[in-house]
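Step one of this worksheet: look at the structure below.
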Amino acid sequence: MAAGQLSRENNGDEEEINVYLKVMKTVALAVKKSDTVRNVKAKLNDKEGISEGLQELFFSGERLRDNQNLVNCGIQQNSTLQLFVQNMVPVRLFIKMPTDQKIIEVKARTFDTILNIKSHIVAEEGNHLHNVNLIYAGKLLEDDKTLASLNIQGDSTLHMAITPRDKFPICVKMLTGEILRIEVKMMYTVRDVKTIVERIAGFSLNDLSLTHDGMQLEDSKTLSSYNITQGFVLQVSPKSIQVFVKKWCGKTLTLDVCLEDLVKNVKDKIYHKLGMPANVQGLMVEGKRLDDCRNLASYSIQKHSTIHLAIWSSSAQCKMILQRQMTYPPLDFLHLIYQVP
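Mapping of the sequence shown onto UniProt numbering: position 341 corresponds to residue 341, and the numbering continues sequentially without gaps.
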């Protein structure tokens, strides 16, 4: 670069320009582009008597640091800076917690940043700083903004939101008893978790389900929707389906079963629901009696299939069972399902 050109540029920085500062009124100051923010504060102190230590200057929403030159801040002729005069007396803020609706009180000054406020909360509540977000008037507050720049007054209420860690560990217990430890995100679906497990285990989980506390988790739902967090243990289980069991009286009950369940296991479930001993139950699908030692899949039973329940017993036993059930089927129907030794 030529020396003459450099000299002209330097001389341009020495050119006087007018800027305007908004306090409760607009104040015009003659400054140089090369002046620092500290110089501007000193000139305002001379003109308006406002101590430099109490001044906070902002331009286009950004807080200006004392050692910055005006030219480097993009300040031109007739630019308007915003001035906030700090109150050295602390103001009171209320922080509303996200879970138990607890409200804590924080003392702060108008020049405190949102990050400073978060530090107060962490010191009092013991949360992790990077997990805490503050919201005011429906807007997420940026860490480097001051209370003054956001026009947050004393006795204002800020709402705290907790952002979970990006990833966290959970455990998945396989059918073999082996436990896998994997990293997941809150917004992962149950299907996403299955995919991770499939890659580790080397086989498909399409015919299996993930459960937690005995509840089958739906593939399309997120971990967040089930409130699954760090340290939870999920169980790989045979996928359950709902089938209908139609009783001899015409009434229908629903059962949650697995396709791998043996017919005798289904009879046990019916016993727990109806109190009918398994040895007198006859289960049929499409007129075919089901064998105790075969599983439901071998009969092509699917979700919402109907299984017919009959009584395979002597007349006396049948009568006793029916009395216990408080249901009396038609006589001609009984003749079809009785088995007389």
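Even glycine gets a Cβ: it sits at the ideal position worked out from N, Cα and C.
In this text, all values refer to a predicted model and were calculated from it rather than measured experimentally.
- Beta-bridge partners assigned by DSSP to Glu62: Phe59.
- Residue environment for Arg63: buried (at least 16 other C-beta atoms within 10 angstroms of its C-beta).
- Short of 8 Å from the beta carbon of Leu205, and not among the five residues preceding or following it, lie these beta carbons of its own chain, in chain order: Lys194, Val197, Glu198 and Val236.
- When DSSP states are grouped into helix, strand and coil, Thr195 belongs to the helix group.
- Looking only at Lys267, Lys303 and Ser305, the smallest Cα-Cα distance to Trp312 is reached by Lys267.
- When rounded, the separation of the alpha-carbon atoms in Ala137 and His159 is 9 Å.
- When the beta-carbon positions are compared, Glu16 and Ala28 stay at least 9 Å from each other.
- Residue environment: Cys258 is assigned as buried (16 or more neighbouring CB atoms within 10 Å of its CB, all protein chains considered).
- For Cys171, the beta-bridge partners assigned by DSSP are Arg181 and Val233.
- The residues Val19, in chain order, have a CB closer than 6 Å to that of Ser79 in the same chain once the five nearest residues on each side in sequence are set aside.
- Cβ-Cβ distances below 8 Å link Met97 to Ile103, Ile104, Glu125 and Met160 in the same chain, with the five nearest sequence neighbours on each side left out; the list follows chain order.
- Across the set Ser305, Gly250 and Gly214, the C-alpha of Gly214 shows the shortest separation from the C-alpha of Leu234.
- Counting only unbroken stretches of 3 or more residues, the beta strand (DSSP E) elements lying wholly within the UniProt domain "Ubiquitin-like" (241-316) are 252-258, 281-285 and 306-311, in sequence order.
- Taking the Cβ atoms as the reference, Val243 lies roughly 42 Å from Ile162, outside the contact range of under 8 Å.
- Approximately 19 Å separates the beta-carbon atoms of Thr113 and Asp155; this is outside 8 Å, ruling out the contact.
- For the set Val85, Val172 and Gly177, the Cα lying nearest the Cα of Thr146 is the one of Val85.
- For Lys107, the uninterrupted beta strand (DSSP E) segment begins and ends at Ile103 to Ala108.
- Pairing Ser220 with Arg191 gives a Cβ-Cβ distance under 9 Å.
- The DSSP-derived three-state label of Tyr188 is coil.
- For Ala30, the uninterrupted beta strand (DSSP E) segment begins and ends at Thr26 to Lys32.
- Excluding residues up to 5 positions away in sequence, Val285 and Leu290 lie with their Cβ nearer than 7 Å to the Cβ of Tyr299 in the same chain.
- Close CB contacts of Cys73 within its chain, under the 7 Å cut and outside five residues either way in sequence, are with Phe59 and Leu64 (chain order).
- With a cutoff of 9 Å on beta-carbon distance, Cys171 and Gly250 are scored as not near each other.
- Annotated three-state conformation of Ala161 is strand, per DSSP.
- Exposed is the label assigned to Asn279, since fewer than 16 other Cβ atoms lie within 10 Å of its Cβ.
- Apart from sequence neighbours up to five positions away, the residues of its chain that approach Asp292 with a beta-carbon distance below 6 Å are Val263 and Lys264, ordered along the chain.
- Secondary-structure assignment with DSSP links Met215 through a beta bridge to His212.
- In the three-state reduction of the DSSP assignment, Glu124 falls in the helix class, which pools H, G and I.
- Beta-bridge analysis with DSSP links Val91 to Ala108.
- Taking Thr222 as the centre and dropping the five residues before and after it, the same chain places the C-beta of Met187 and Thr189 closer than 6 Å to its C-beta, in chain order.
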